[in-house]
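Q:
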Amino acid sequence: MPSETPYEITPTTRYDDPYYRPTAVRQPVILPADVPPGIDWVTLPNGVRTLAYTHPAPTPSAPAAASQPIPAWAKATALLAPTVGGGIAAASIGLSYAAPGLIAMSQALWSAAALIVAAVIAVPVLLRTARRAVGSGGASGSSTHITQNITATGLFGRANGTINHR
């Protein structure tokens with residue numbers, strides 16, 4: 063196929079004459095609603111208005127925030143969180159294994175508490191009944207009364223005392 067065009071193309075307008083205007087140029091009527099997005103009316107340097115592809119105006123993006131160092135308390139908390147969680151998990155596992163023993167110990171403590179309360183009530187009752195039995199039917203029949211008199215003179219004085227057996 064030959065590279066040269068076999069015919070000559072002649073424009074209908076004469077661009078070499080700046081004052082030449084065709085008498086009737088029919089422009090197509092396009093309503094603004096029919097213009098697709100990305101295409102807009104523009105005015106060329108020679109004054110002709112035409113449709114052209116336009117680049118959308120760049121949206122102003124927020125300035126990139128400068129990275130700030132992580133506070134020390136946040137690092138410490140982040141490092142301690144797994145440790146504390148692991149400790150709680152280990153404690154709960156230990157308590158679940160120790161639960162039967164803890165139940166038995168609590169029952170033993172309740173039994174010991176009941177024994178102590180019974181001893182506190184029973185010992186004085188037994189001593190009182192034993193004293194009455196010895197006092198009423200005992201061999202001596204009388205009891206010894208001991209009195210003691212102590213006297214002292216002054217704040218730091220020497221104390222003197224007497225003991226009486228009756």
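Convert by adding 62 to the 1-based position in the sequence shown; the result is the number in the working numbering. Where is the CB? At the ideal position from N, CA and C, for every residue including glycine.
Is isoleucine 150 helix, strand or coil by DSSP?
A: It is helical.
Q: Any heavy atom of the ligand MG inside 6 angstroms of the beta-carbon of threonine 112?
A: Questions concerning the ligand MG fall outside what the structure shown contains, since it holds no ligand whatsoever.
Q: So for threonine 116, helix, strand or coil by DSSP?
A: It is coil, neither helix nor strand.
Q: To which residues of the same chain is threonine 209 closer than 8 angstroms at the C-beta, ignoring the five residues directly before and after it?
A: Taken in chain order, the residues that qualify are Ile225, Asn226 and Arg228.
Q: Compare the Cα-Cα distances from serine 205 to each of Pro120, Ile212 and Arg193 and report the closest residue.
A: Of Pro120, Ile212 and Arg193, the residue nearest in Cα terms is Arg193.
Q: So what does DSSP say about methionine 63, is it helix, strand or coil?
A: Confidence is the limiting factor: at methionine 63 the pLDDT is only 49, short of 50, which leaves the residue's position unreliable, though a coordinate-based value still follows. In the structure shown, methionine 63 sits in coil (DSSP, three-state: anything other than H, G, I, E or B).
Q: My output table needs one value for threonine 209: the three-state DSSP class, helix, strand or coil.
A: Three-state DSSP puts threonine 209 in a strand.
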